[in-house]
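Peer 1:
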Amino acid sequence: MLLLWVSMVAFSTMATSGLGADGQSRAAAPACRKAPNVVLVVSDSLDGRLTFPPGSQVVKLPFINFMKVHGTSFLNAYTNSPICCPSRAAMWSGLFTHLTESWNNFKGLDPNYTTWMDVMEKHGYRTQKFGKLDYTSGHHSISNRVEAWTRDVDFLLTQEGRPMVNLIPTKTKVRVMETDWKNTDRAVNWLRKEAINYTQPFVLYLGLNLPHPYPSPSSGENFGSSTFHTSLYWLEKVSYHAIKIPKWSPLTEMHPIDYYSSYTKNCTGKFTKKEIKNIRAFYYAMCAEADAMLGEIILALHQSDLLQNTIVIFTSDHGELAMEHRQFYKMSMYEASVHVPLLMMGPGIKANLQVPNMVSLVDIYPTMLDIAGIPLPLNLSGYSLLPLSAEKFNDDHKLKRLHPPWILSEFHGCNVNASTYMLRTNQWKYIAYSDGVSVLPQLFDLSSDPDELTNIATKFPEITYSLDQKLRSIINYPKVSASVYQYNKEQFINWKQSVGQNYSNVIANLRWHQDWLKEPGKYENAIDQWLKTHTKKV
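Below you can see the structure in the form of structure tokens.
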């Protein structure tokens with residue numbers, strides 16, 4: 378069925394856009410009668426490296442591949458913060474994380490914040506949103522909040538369930554993530570019954586939960602969202618022989634931040650190669666299911682005769698480590714966690730183009746406005762992607778701000794016990810922590826070490842210094858780290874006061890309950906000592 382859909386859409390696109398089978402223009406496309414429609418599909422936790430070799434050889438993603446052939450794919454696209462809410466806040470605001478102070482999954486944008494969709498609606502676009510948004514403050518669990526606020530406390534507690542797999546042993550179960558499928562159906566029905574009748578251009582957003590791991594049982598060891606869940610139908614889309622078992626550094630040789638992350642994610646124990654391979658296989662299968670939902674949207678556009686005048690964009694809020702660097706989830710500056718897919722196709726977008734430039738999710742905001750012909754605000758952190766993807770590079774594009782050869786990502790949430798900052802350039806990845814002094818930085822040459830196994834920061838001090846100076850010219854990261862430290866303490870004090878006499882019982886039974894309940898007095902005392910210390914100053 379999926380291959381049939383791909384064939385149908387491919388034929389339609391080539392026929393309406395004048396593309397040959399090789400993606401090259403054969404005749405001028407008919408002029409659009411109105412500004413193009415825009416559809417943005419955002420997955421959760423999809424590793425961008427799966428959209429190009431060698432990652433693309435592991436799992437069949439026919440609709441992502443279709444977008445690659447008939448549109449532009451960005452080979453070096455990154456999240457601006459590898460966790461759900463802060464990443465999405467950057468995407469919807471066009472601003473870096475420290476500018477909106479979207480510090481963790483509880484602290485995002487104000488609900489009344491003016492997003493790119495609000496601006497497009499003001500300029501005449503019809504707008505609609507379905508599925509996961511998660512860019513405003515006030516969401517996620519108490520555990521998630523408290524773990525982020527107390528990351529500077531001098532203790533080490535397991536905060537997640539051990540990563541595990543769960544299989545539906547049937548080849549007929551297609552709709553595994555039912556919530557995502559329901560939202561996809563709602564989006565499809567909206568396209569077919571409402572959007573098709575609009576005389577104004579429209580913008581549609583669909584947010585998916587997949588391939589984010591599923592919640593695990595609420596008691597015992599498996600507590601949290603650590604279950605990779607799929608069916609045989611999707612598992613058959615995975616090339617098991619092509620799955621790579623990642624190399625791990627010995628626990629004693631891990632960077633201290635990595636060790637903290639691995640421990641809190643319950644990943645410092647023993648894992649067999651079969652366990653690791655299964656986790657990765659199930660994750661890839663979950664990616665295949667997400668790809669099929671993207672396909673439903675493309676098919677609906679095609680069948681409604683909307684595809685030829687609609688720009689489709691696909692991306693993800695962040696990636697998924699899937700046991701690389703002895704971790705699952707995200708909250709890391711390693712490639713599996715921060716590298717995201719970013720593909721565009723539609724009128725005016727060059728076909729079969731792979732862009733190597735560094736781009737990031739803050740670029741979504743200016744790109745959306747640029748597509749609509751709306752002047753861009755001058756305060757944005759991001760840059761329009763149209764000059765990099767346009768079929769015709771005209772004088773208007775020459776006047777636009779050119780994208781710099783670097784991107785910034787930062788992290789201030791749970792499972793990492795220091796604010797983290799990544800500067801990614803053409804060859805280098807530089808990662809700084811906290812105040813830039815108390816925690817050693819990391820430097821990776823991705824051209825020779827794509828798996829990021831060798832930190833060469835001390836081996837190349839001049840390069841390390843140069844990149845650090847560049848990072849400091851973009852963000853005063855020691856000052857930002859101090860601000861986050863103060864925020865965490867204030868938020869924890871407010872929360873502690875809000876629970877009153879129930880404090881000891883509530884804090885003991887959060888996700889770290891198995892460790893905490895062994896020595897509750899010890900951990901409460903550690904928090905008391907932290908609260909007594911003075912605020913970090915820079």
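Under this note's numbering, think of the first position of the sequence shown as 378, with each following residue one higher. A virtual CB, placed ideally from N, CA and C, is assigned to each residue, including glycine. In this text, all values refer to a predicted model and were calculated from it rather than measured experimentally.
#1: Give the DSSP bridge partners of S450, in chain order.
#2: Can you tell me which of the three DSSP states G790 falls into?
#3: Rounded to whole angstroms, what's the CA-CA distance from W783 to T841? Just pull it up for me.
#4: Cα-Cα, which of G813, K411, P724 and L533 is closest to A859?
#5: Let me know the secondary structure DSSP gives D557 once reduced to three states.
#6: Which residues does DSSP pair with F605 in a beta bridge?
#7: Between which two residues does the beta strand (DSSP E) harbouring F507 extend?
#8: Could you tell me the alpha carbon to alpha carbon distance between I852 and L476, rounded to whole angstroms?
#9: Looking only at C-alpha atoms, which of W805, D845, A809 and T835 sits nearest to D826?
#10: My assumption, with CB atoms under 8 Å, is that F507 sits in contact with Y900. Please give the rounded CB distance.
#11: Quick check on the burial criterion: 16 or more other C-beta atoms within 10 angstroms. Buried or exposed for E613?
#12: Just reading off the alpha helix (DSSP H) that K650 is part of, what are its end residues?
#13: Apart from the five residues on each side of it in sequence, which residues of its chain come closer than 8 Å, Cβ to Cβ, to A525?
#14: What number of angstroms, rounded off, separates the C-alpha of D892 from the C-alpha of A658?
#15: Please classify S616: is it buried, with 16 or more other beta-carbons within 10 angstroms of its beta-carbon, or exposed?
#16: Among I545, L585 and T629, which one has its Cα closest to the Cα of L609?
#17: Does the segment 867–875 touch the segment 486–502, meaning 3 or more C-beta pairs lie closer than 8 Å?
#18: Run through DSSP, which three-state label would N586 get?
#19: Round the Cβ separation of W822 and I833 to the nearest angstrom and send it over; I've been treating them as touching at under 8 Å.
#20: Within the same chain, show all residues whose beta-carbon is closer than 8 Å to that of G432, passing over the 5 residues directly before and after it, in chain order.
#21: Under the three-state reduction of DSSP, which class applies to F869: helix, strand or coil?
#22: Would you decide whether Y575 is buried or exposed? Buried here means 16 or more other CB atoms lie within 10 Å of its CB.
#23: According to DSSP, is L684 helix, strand or coil?
Peer 2: Checking against the coordinates, here is how it stands:
#1: Within the sequence shown, numbered from 1, the residue matching residue 450 stands at position 73. DSSP, once it has assigned bridges, lists L720 and Q731 as partnering S450.
#2: Position 413 of the sequence shown, counting from 1, holds the residue named residue 790. The answer is coil: DSSP assigns G790 none of H, G, I, E or B.
#3: Translated into positions along the sequence shown, residue 783 becomes position 406. Translated into positions along the sequence shown, residue 841 becomes position 464. One C-alpha to the other measures close to 15 Å.
#4: Taking the first residue of the sequence shown as position 1, residue 859 is located at position 482. Nearest C-alpha to A859: G813.
#5: Within the sequence shown, the letter at position 180 stands for residue 557. D557 falls in the helix class under three-state DSSP.
#6: Looking up residue 605 in the sequence shown gives position 228. The partner list for F605 (beta bridge, DSSP) reads V542.
#7: Working through the sequence shown from its first residue, we reach residue 507 at position 130. Per DSSP, F507 belongs to the beta strand (DSSP E) from R503 to G508.
#8: Indexing the sequence shown from 1 puts residue 852 at position 475. Indexing the sequence shown from 1 puts residue 476 at position 99. Spanning the two alpha carbons is a distance of roughly 10 Å.
#9: The residue you call residue 826 lines up with position 449 of the sequence shown. The option with the nearest alpha carbon to D826 is W805.
#10: Taking the sequence shown and counting its residues from 1, the one referred to as residue 507 is at position 130. Taking the sequence shown and counting its residues from 1, the one referred to as residue 900 is at position 523. Y900 and F507 do not touch by the CB rule: their CB atoms are close to 42 Å apart, not below 8 Å.
#11: For this step, residue 613 is matched to residue 236 along the sequence shown. Flag for E613 reads exposed.
#12: Against the sequence shown, residue 650 aligns to sequence position 273. Segment K650 to Q680, the alpha helix (DSSP H) holding K650.
#13: Within the sequence shown, numbered from 1, the residue matching residue 525 stands at position 148. W480, N481, N482, F483, H789, G790, C791 and N865.
#14: By 1-based counting over the sequence shown, the position of residue 892 is 515. By 1-based counting over the sequence shown, the position of residue 658 is 281. Straight-line Cα distance between these residues: approximately 30 Å.
#15: One-based indexing of the sequence shown puts residue 616 at position 239. It is exposed - the Cβ of S616 has fewer than 16 other Cβ atoms within 10 Å.
#16: What you label residue 609 is simply residue 232 of the sequence shown in a count that begins at 1. Minimum Cα distance to L609 is reached at I545.
#17: When Cβ pairs closer than 8 Å are counted between the two stretches, the segment 486–502 is seen not to touch the segment 867–875, the count staying below three.
#18: Counting from 1 along the sequence shown, the entry for residue 586 is found at position 209. Coil, per DSSP.
#19: In the sequence shown, residue 822 corresponds to position 445, counting from 1. In the sequence shown, residue 833 corresponds to position 456, counting from 1. First, the residue type needs correcting, since residue 822 is Asp and not Trp in the sequence shown. Correct: roughly 6 Å between the Cβ atoms.
#20: Sequence index remark: in the sequence shown, residue 432 carries index 55 (1-based). Answer for G432: D424 and R426, listed in chain order.
#21: Within the sequence shown, numbered from 1, the residue matching residue 869 stands at position 492. DSSP places F869 in helix when its eight states are reduced to three.
#22: If you number the sequence shown from 1, residue 575 lands on position 198. By the Cβ neighbour-count rule, Y575 is exposed, with fewer than 16 other Cβ atoms within 10 Å of its own.
#23: For the purposes of this step, residue 684 is identified with residue 307 of the sequence shown, where counting begins at 1. Reduced to three states, the DSSP call for L684 is helix.
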